[in-house]
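**Student:** Next up is a structure, given as structure tokens.
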């Protein structure tokens, strides 16, 4: 993964600063520390590898989390300090995930794994790869020959399914309410529904990453 920005997404605290310095010294490329409030203002035109420090970030449909998951190109992710119980479904929600490290991994394993990732390899246990494959084989496809939703339309429908209002969706995706209305109008036409209730029911049946 040459010529990529490498960022540690965490909170601004002494622990995160020490981790950033350790990784920079051990891995070679300079690593930028960004927090959940500032990283949205970064210029994403250049490819980036995001090291997501889950132990020091608020999660579960936070604005920064939804913003990051909206990217499909130019960004790859590695999850740090994951829970032991992370599932294939949760792992696949992150854009271009290259690996994950649980909270009990030792420093040597972390550095060795991230070194592999920076060379373009994945650091995912075989058992998880099998689970991911089985999950992908079991889910209903998001698109059919007649329905092709954009990644942003999928994000909006997922949030709608979680009971969010247009204003709340706009705030979480960092766009205007008018933009959300436009996404919903286009999505409703594609999935052939007439209202939010029908759209919510459709999303629960057809969006594999729905987290109800």
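Residue numbers (our numbering): 78 to 289.
Every residue, glycine too, gets a C-beta built ideally from N, C-alpha and C.
Sorted by chain position, which residues of the same chain lie with C-beta nearer than 7 Å to residue 230's C-beta, five sequence neighbours on each side aside?
**Tutor:** Hits under 7 Å: 260, 263 and 264.
**Student:** Should residue 104 and residue 130 be called a contact, given that it needs their Cβ atoms to be closer than 8 Å?
**Tutor:** Taking 8 Å as the Cβ cut-off, residue 104 and residue 130 do not qualify as a contacting pair.
**Student:** Just how far apart, CA to CA, sit residue 282 and residue 144?
**Tutor:** In a straight line, the C-alpha of residue 282 is about 24 Å away from that of residue 144.
**Student:** Just to confirm, is the Cβ distance from residue 233 to residue 207 under 8 Å?
**Tutor:** In this structure, residue 207 does not lie closer than 8 Å to residue 233 by Cβ.
**Student:** Exposed or buried, residue 146, counting other C-beta atoms within 10 Å across all chains shown (16 or more means buried)?
**Tutor:** Classification of residue 146: buried, given that the 10 Å Cβ count is 16 or more.
**Student:** Excluding sequence positions up to five away, which residues of its chain have a Cβ less than 8 Å from the Cβ of residue 98?
**Tutor:** None.
**Student:** Tell me which same chain residues have a C-beta within less than 7 Å of the C-beta of residue 192, skipping the five on either side of it?
**Tutor:** 104, listed in sequence order.
**Student:** In angstroms with no decimal places, state the Cα-to-Cα distance between residue 166 and residue 142.
**Tutor:** One C-alpha to the other measures close to 15 Å.
**Student:** Using the three-state DSSP reduction, which class does residue 288 fall into: helix, strand or coil?
**Tutor:** Low per-residue confidence applies at residue 288: pLDDT is 44, beneath 50, and the placement is therefore not dependable, though the value from the model is reported in the following sentence. Three-state result, residue 288: coil.
**Student:** From 199, 227 and 151, pick the residue whose C-alpha is nearest to that of residue 120; which is it?
**Tutor:** Residue 151 is the option with its Cα nearest to residue 120.
**Student:** Give the range of the beta strand (DSSP E) segment to which residue 244 is assigned.
**Tutor:** Note, residue 244: premise wrong, no beta strand (DSSP E); alpha helix (DSSP H) at 243-250.
**Student:** Using a Cβ cut-off of 8 Å (strictly closer), state whether residue 122 contacts chain B.
**Tutor:** Judged by its chain identifiers, the structure shown contains no chain B, having just a single protein chain.
**Student:** For residue 93, count neighbouring Cβ atoms within 10 angstroms of its own Cβ and tell me buried if that reaches 16, exposed if not.
**Tutor:** Flag for residue 93 reads buried.
**Student:** How big is the Cα-Cα spacing for residue 115 and residue 267?
**Tutor:** Cα-Cα distance, rounded: 35 Å.
**Student:** Quick check: residue 243 and residue 254, are their CB atoms within less than 8 Å of each other?
**Tutor:** Their beta carbons are under 8 Å apart, which means residue 243 touches residue 254 by this criterion.
**Student:** Excluding the five sequence neighbours on either side, which residues of its own chain have a C-beta within less than 6 Å of the C-beta of residue 108, listed in chain order?
**Tutor:** Hits under 6 Å: 83, 85, 97, 100 and 101.
**Student:** Is residue 209 near residue 169, with beta carbons less than 8 Å apart?
**Tutor:** Yes. Within cutoff.
**Student:** On the DSSP bridge assignment, give the partners of residue 294 in chain order.
**Tutor:** With the chain running from 78 to 289 in the structure shown, residue 294 is simply not present.
**Student:** Just curious, the beta strand (DSSP E) that residue 253 is in, first and last residue?
**Tutor:** First-last for residue 253: undefined, no H or E at that position.
**Student:** Across which residues does DSSP place residue 120 in a beta bridge pair?
**Tutor:** Residue 120 pairs with nothing; no bridge assigned.
**Student:** As an exercise, report each continuous alpha helix (DSSP H) stretch of at least 4 residues that is fully enclosed by the stretch 162-232, in chain order.
**Tutor:** Complete alpha helix (DSSP H) runs here, min 4: 165-169, 184-195 and 203-215.
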